[in-house]
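For reference, the structure is listed below as structure tokens.
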Amino acid sequence: MTEPTPPAERPLPDEARARIRADLLAHAHEHRSRAPRFAVPLAAAAAVALVAGTGYWAVHAGGDGGVGPAGSGGSASFGPETDVSDPVDEPSDVPPSDAVSLPAGPTPEGTQVGTDTCAVELKYVLRGAEEAYRDGDVSFWVKGDRYSVCYELDGSTTVTRPVSLTPGDDVAGFRVASLYPPTQSGYLTVRVAGGVVPQGLEEVFDAAYTFPDGQTEHSEVGTDASGRSWWWMVHSHDDDGGNEREQPEIEVTVSYSGVQRSYTLEWGPPDTCAQANHGC
Amino acid sequence: MAIGSDEQELVDGLHGDDPAALAALFDRYGDRIYNHCFRHLGDWAEAEDATSSVFLEVWRHRRRVRLHDGSVLPWLYGVATNVCRNASRSRRRRLRAVARLPRPFPETDHAEEVADRLGSQARMKEVLVRIEALPAHEREVLGLVAWAGLSYEQAAAALDVPVGTVRSRLSRARARLTQEVP
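Just so you know, the protein sequences line up as chains A and B, in that order. Under numbering that gives the first Met the number 0, think of the first position of the first sequence as 0, with each following residue one higher. Under numbering that gives the first Met the number 0, think of the first position of the second sequence as 0, with each following residue one higher.
See below:
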């Protein structure tokens with residue numbers, strides 16, 4: 000039998016070409032790097048440190064680690080499907096969240112977010128984790144019975160503390176990671192959360208986050224190649240850099256069809272500082 | 000194709016946050032990526048969307064763009080392969096859901112262009128059915144080498160695997176297709 004031959008190639012239709020090109024340019028202008036405005040040098044390498052109760056973890060010297068374009072496996076990553084288990088000194092696990100000492104409110108100079116790919120940042124949080132699902136800037140990484148959420152924003156990478164894959168009733172699965180990239184007028188506050196959708200509830204699940212400014216952000220849901228569904232929520236708003244602890248707390252309402260559960264996120268770690276690779 | 004320093008300029012532009020470099024890359028390789036995506040997806044409209052996604056991903060990962068033997072094309076095909084793989088998965092999920100809905104009446108359109116597009120889509124879908132039995136990594140090698148015209152070395156760079164792996168995957172793919180019963 001002969002090798003199948005695809006149809007002849009054809010150029011992009013003119014209208015599509017013009018539309019895509021315009022979209023690309025608009026997107027590129029909108030998402031140019033903000034790195035020069037950072038108060039701390041984040042250029043080639045970023046040392047990321049959190050002070051844990053027992054003293055160490057999550058220290059990272061970054062830089063671009065030889066990234067390739069495609070992976071050979073079934074992962075959905077766009078960078079190299081690198082071996083996440085490179086030999087790097089790292090803590091054996093994430094410390095108890097209540098042992099983390101962090102500033103009270105947004106302190107952008109101290110955020111020092113990770114600047115590497117999710118695959119690299121995960122080495123310091125959930126070593127050996129593999130990407131299970133990605134939707135744009137949000138990805139989910141699994142190792143064993145735990146997962147972390149990774150969020151990339153203009154070269155900054157935030158990874159949340161690992162959480163059990165089995166959805167629970169407590170607030171642990173609904174905590175938000177927070178990052179505060181500077182803008183020309185102040186700071187942007189970005190909150191990220193994500194987790195596993197209980198099986199069979201993909202069509203009815205919703206996690207609604209209501210923020211101090213009164214805005215409510217609803218979760219999105221996607222399903223990975225293995226059939227597991229994930230939800231995620233990303234919310235951003237301009238911030239003047241004030242002390243967030245003086246603001247109303249973030250309220251979460253999780254709906255499972257007719258059943259609802261509500262949570263109030265306490266400011267600071269662990270509820271609003273769920274990230275593991277940089278501070279708040 | 001003459002490649003080299005101008006490709007380096009493109010990469011430098013991307014590394015330097017220059018949107019014009021992204022536009023230039025799209026102008027140069029948009030058609031190739033469009034056809035590569037079509038060969039993954041079998042649908043021209045979806046290939047348009049995927050092409051857009053590919054270049055958005057390029058911008059998102061612009062700091063990581065790199066040349067292979069003076070060309071950015073292998074890296075670009077690598078990104079495109081991942082984007083189209085994901086698009087293909089999403090479509091399968093969507094189709095499973097849509098399959099439960101009642102089928103609409105087919106609409107006849109005699110426009111030559113539309114007929115041509117549909118004809119090539121139908122043909123591509125036949126091709127995709129024929130290669131469906133191949134493992135995904137063999138299909139990807141077949142798509143890059145046999146259909147997109149990449150060299151073994153370029154395909155290896157695109158897929159981030161050794162050249163020998165590309166050769167063996169292509170060989171196995173062709174052997175399987177030969178063994179198929181027509």
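Quick reminder that beta carbons are idealized off the backbone N, C-alpha and C, glycines included.
Between the beta-carbon of residue 249 of chain A and that of residue 209 of chain A there is about 7 Å, and that keeps the pair under the 8 Å contact cut. Taking 7 Å as the cut-off between beta carbons, the residues of the stretch 1-24 of chain B near chain A are 16, 18, 21, 22, in sequence order.
For residue 22 of chain A, the enclosing alpha helix (DSSP H) begins and ends at 13-29. Residue 10 of chain B and residue 276 of chain A have their alpha carbons spaced roughly 29 Å apart. Between residue 259 of chain A and residue 70 of chain B, the alpha-carbon positions lie close to 54 Å from each other.
Chain A places no beta carbon closer than 9 Å to that of residue 113 of chain B, leaving this residue out of the contacts.
Under the Cβ distance rule, residue 19 of chain A counts among the residues neighbouring chain B, one pair being separated by less than 9 Å.
The three-state secondary structure of residue 217 of chain A, taken from DSSP, is strand. Three or more pairs of CB atoms, one per stretch, sit closer than 8 Å, so the stretch 148-168 of chain A contacts the stretch 109-123 of chain A. With a threshold of 9 Å between beta carbons, residue 70 of chain B makes no contact with chain A.
Taking a Cβ-Cβ cut-off of 7 Å, the neighbours of residue 27 of chain A in chain B comprise 18, 21, 58, given in sequence order. Only those residues of the stretch 129-159 of chain A whose C-beta falls short of 8 Å from the nearest C-beta of chain B are listed: 133, 136, 151, 154. Not one beta carbon of chain B lies nearer than 9 Å to the beta carbon of residue 219 of chain A.
For a Cβ distance threshold of 8 Å, residue set 16, 18 of chain B lies close to residue 31 of chain A, ordered along the chain.
DSSP places residue 73 of chain B in the helix class (H, G or I) of the three-state scheme. The C-beta of residue 118 of chain B comes closer than 9 Å to at least one C-beta of chain A. Assigned with DSSP and collapsed to three states, residue 122 of chain A falls in coil, not helix or strand. In the DSSP annotation of this structure, residue 165 of chain B is not part of any beta strand (DSSP E); the continuous alpha helix (DSSP H) holding it starts and ends at 162-178.
For the pair residue 42 of chain B and residue 120 of chain B, the CB atoms are nearer than the 9 Å cut-off.
CA-to-CA, the gap between residue 3 of chain A and residue 124 of chain B works out to about 11 Å. By the C-beta density criterion, residue 117 of chain B is exposed, having fewer than 16 other C-beta atoms within 10 angstroms. Only exposed fits residue 29 of chain A, as fewer than 16 other CB atoms lie within 10 angstroms of its CB. Cβ contact annotation for residue 147 of chain A (same chain, cutoff 6 Å, sequence separation greater than five): 124, 125, 140, 158, 159, 161, in chain order. By the CB criterion at 9 Å, residue 87 of chain B and residue 35 of chain B fall outside the cutoff.
By the C-beta density criterion, residue 243 of chain A is buried, having at least 16 other C-beta atoms within 10 angstroms. With a cut-off of 8 Å on Cβ pairs, the stretch 51-60 of chain B is in contact with the stretch 12-29 of chain B, counting three or more such pairs. Taking each of B:158, B:143, B:130 in turn and checking the Cα distance to residue 174 of chain B, the smallest one comes out for B:130. From the beta-carbon of residue 24 of chain A, the residues of chain B found nearer than 7 Å are 18, 22.
Ranked by Cα distance from residue 134 of chain A, the first of B:12, B:81, B:146 is B:81.
Neighbours of residue 227 of chain A in chain B, taken as residues at a C-beta separation under 7 Å, are lacking, since the least C-beta distance is about 12 Å.
It is roughly 23 Å from the alpha-carbon of residue 76 of chain B to the alpha-carbon of residue 122 of chain B. Within chain A, the residues whose beta carbon sits less than 7 Å from that of residue 33 of chain B are 11, listed in sequence order.
Residue 138 of chain B and residue 145 of chain B have their C-alpha atoms some 10 Å from each other.
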